[in-house]
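Asks: This is the structure I want to talk about, given as structure tokens.
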Amino acid sequence: LAKTTQPISMDSYEGQEVNITCSHNNIATNDYITWYQQFPSQGPRFIIQGYKTKVTNEVASLFIPADRKSSTLSLPRVSLSDTAVYYCLVGLYNFNKFYFGSGTKLNVKP
Amino acid sequence: DARVTQTPRDKVTEMGQEVTMRCQPILGHNTVFWYRQTMMQGLELLAYFRNRAPLDDSGMPKDRFSAEMPDATLATLKIQPSEPRDSAVYFCASGLSGARQETQYFGPGTRLLVL
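Quick note, the sequences are listed as chains A and B, same order. Just so you know, the first sequence maps onto residues 202 to 311 in the numbering used here. Just so you know, the second sequence maps onto residues 20 to 134 in the numbering used here.
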């Protein structure tokens with residue numbers, strides 16, 4: 202079961218780019234990497250998912266190096282509303298096994 | 020806009036009482052998850068179902084917790100008897116296994132306080 206390691210917290214300022222790195226040294230061949238965002242008093246919400254190289258959507262980018270032992274979530278030009286906890290999740294296709302780590306609490310300051 | 024719904028949103032009960040939490044997954048989703056979240060333990064997976072069959076409930080205290088899916092539109096999580104240490108937010112999530120992009124859609128949660 203691939204576990205993940207993320208920084209506990211990060212601070213940033215509005216307008217900056219934020220990069221959150223997640224380590225998953227024992228990721229398996231079939232594992233996908235998924236990131237979720239959670240605001241207080243809400244359930245986590247899907248942000249982005251990838252298997253290798255780079256994935257981009259309207260919210261974020263996900264960078265995955267060739268060895269796949271880590272991944273970096275990149276949030277361009279953050280705003281105060283991006284203050285949340287971000288979880289890196291590694292799991293087998295078909296939801297077979299996965300693990301939510303402790304998450305990274307991002308605090309965006311004005 | 021399809022969403023996972025959970026009831027009740029808040030529940031206060033006394034130790035020893037039975038607690039039942041309900042979840043309606045998104046129509047068409049075949050996988051349902053139950054999570055518990057506390058400040059100390061973070062987000063813990065309690066159980067999950069695929070096509071209504073339990074696949075993994077190893078995260079659930081078997082002596083007092085039970086999870087079922089009476090039908091495809093309803094998942095339940097019961098605690099009997101409840102204890103103060105069960106106080107937490109319980110999330111239900113649903114997803115579509117086998118889809119190109121496997122995403123879990125979370126409900127708003129049930130905030131449980133056991134006195």
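Backbone N, C-alpha and C fix where the C-beta goes; we use that ideal spot for every residue, glycine too.
Which chain B residues sit within Cβ distance under 9 angstroms of P208 (chain A)?
Replies: In chain order: nothing, as chain B lies at least about 15 angstroms away.
Asks: Does any CB atom of chain A fall closer than 9 angstroms to the CB of G61 (chain B)?
Replies: yes
Asks: Under a three-way DSSP split, which group does S224 (chain A) fall into?
Replies: Assigned with DSSP and collapsed to three states, S224 (chain A) falls in strand.
Asks: What residues in the stretch 110–128 of chain B bring their beta carbon closer than 9 angstroms to a beta carbon of chain A?
Replies: Considering only beta carbons, the part of the stretch 110–128 of chain B lying closer than 9 angstroms to chain A consists of F110, C111, A112, G114, S116, G117, Q120, E121, T122, Q123, Y124, F125, G126, P127 and G128, in chain order.
Asks: Am I right that V23 (chain B) and Y124 (chain B) are in contact with their C-beta atoms under 8 angstroms? What's the rounded C-beta distance?
Replies: 5 angstroms
Asks: Against chain B, which members of the stretch 220–241 of chain A pass a CB distance test of less than 9 angstroms?
Replies: For the stretch 220–241 of chain A, the set of residues with a beta-carbon nearer than 9 angstroms to any beta-carbon of chain B comprises Y233, T235, Y237 and Q239, in chain order.
Asks: Given a limit of 8 angstroms on CB to CB distance, which residues of the stretch 244–278 of chain A reach chain B?
Replies: G244, P245, R246, F247 and Q250
Asks: I want to see whether chain B comes within less than 9 angstroms of Y287 (chain A), judged by CB atoms only; does it?
Replies: no
Asks: Quick check: the Cα distance between P266 (chain A) and D75 (chain B), rounded to an integer number of angstroms?
Replies: 31 angstroms
Asks: State the start and end residues of the unbroken beta strand (DSSP E) segment that holds P100 (chain B).
Replies: First-last for P100 (chain B): undefined, no H or E at that position.
Asks: Buried or exposed for A248 (chain A), going by 16 or more other Cβ atoms inside 10 Å?
Replies: Correcting the residue identity first, residue 248 (chain A) is Ile in this sequence and not Ala. Buried is the call here.
Asks: Candidates B:A72, B:M58, B:G78 and B:T57: which alpha carbon is nearest L64 (chain B)'s?
Replies: B:G78
Asks: Note the first and the last residue of the continuous beta strand (DSSP E) segment covering Q243 (chain A).
Replies: No beta strand (DSSP E) contains Q243 (chain A), which DSSP labels as neither H nor E.
Asks: Within this structure, are the beta carbons of G251 (chain A) and I234 (chain A) separated by less than 9 angstroms?
Replies: yes
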